[in-house]
Amino acid sequence: MPSLPLRIAILECGAPLPATATKYGTYGGVFTSLLQSAASPSTSLSISTFDVVNTLSYPSLPDIDAILLTASSFDAFADDPWILKLVAFVKEVLEQRRVRIIAACFGHQVVGRALGARVGRSELGGKEVFGKGGLDLHQIHGDVVYDYPPGVEELACTDKCAVQAMYIPKRVMTVQGHPEFTEEIMRELLVTAHASGLFDKELFEDSISRVDKNQDGVVVAQAFLRFLLEE
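Encoded structure:
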């Protein structure tokens, strides 16, 4: 088990929308807020952030205990130079056994790609780990991991996305949903998607009607932290 403080490097794979950025700064700020809200009084966190899109900066593995890959508006299956570099870095982390990986949405897809799974555009649009039989998470994504890579435990699925969460004990834990999204963040995303024409009126009204429902983001973040601290 890593000694405290738990050193987590957040790899920022994109940028939040303006209102969210005003409140949190970057995606790193969004996830920092979530992790801090999930940490127990006895868990000390040391969080650093790295912009892997614009500055292509990465942490040194001896200096950290875990990496967290954030969401993004980019396609995880694309071959942009920065995405290829990110996939290569994740493979490097997977080749060793000390630094662990947690990820959400785009990050989940990148980890799937690094593990050899097929990642692409979606045609449809674990109780022991999470501590409950089902999870409620905000989701807004066009891409999916199609199949579980070899050696990965299947933690969750939905009728529209079979690969919702991946788990390798002491190595990897990822979710397709957005544990970091609050109602406020989700509202901004939906309004922006509707204004840009990405969501039509029917889809927007259906989505916005559910935005204030229960969200298990802290439950997922607590599971992330337990995973990172387990011996």
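To convert, count from 1 in the sequence shown and add 1; that's the working numbering.
Positions of the beta carbon are idealized from the N, C-alpha and C atoms, including for glycine.
The model shown is predicted, which means the values in this text are computed figures rather than measured ones.
**Message:** Going by the DSSP bridge assignment, what does Ser-1 pair with across the sheet?
**Reply:** Nothing about residue 1 can be reported from this structure: the residues present for the chain run from 2 to 232 only.
**Prompt:** If you pair each beta-carbon of the stretch 30-41 with each one of the stretch 179-195, do three or more pairs fall below 8 Å?
**Reply:** The answer is yes - the stretch 179-195 touches the stretch 30-41, with three or more Cβ pairs under 8 Å.
**Prompt:** Given that a residue counts as buried once 16 or more other Cβ atoms are within 10 Å of its Cβ, and exposed if not, what is Leu-12?
**Reply:** Classification of Leu-12: buried, given that the 10 Å Cβ count is 16 or more.
**Request:** Can you tell me the Cβ-Cβ gap for Ile-102 and Arg-188, rounded? I've got them flagged as a contact below 8 Å.
**Result:** With a Cβ gap of about 30 Å, Ile-102 and Arg-188 do not count as contacting.
**Request:** Check Leu-62 in the structure and name its three-state DSSP category.
**Result:** The three-state reading of DSSP puts Leu-62 in helix, counting H, G and I together.
**Straight-line gap, Phe-200 to Ser-38 (C-alpha atoms, nearest Å)** = Roughly 31 Å between the two C-alpha positions.
**Request:** Spatial neighbours of Ser-47 within its chain, please: CB distance less than 8 Å, with the 5 preceding and 5 following residues excluded, ordered by chain position.
**Result:** Apart from sequence neighbours up to five positions away, the residues of its chain that approach Ser-47 with a beta-carbon distance below 8 Å are Pro-6, Leu-7, Arg-8, Ile-9, ordered along the chain.
**Message:** The alpha helix (DSSP H) that contains Arg-114, what's its start and end?
**Reply:** Element bounds for Arg-114: 107-115.
**Item:** Assumed close pair Phe-75, Gly-15 - CB separation to whole angstroms, cut-off 8 Å
**Value:** About 6 Å separates the two Cβ atoms, so the contact holds.
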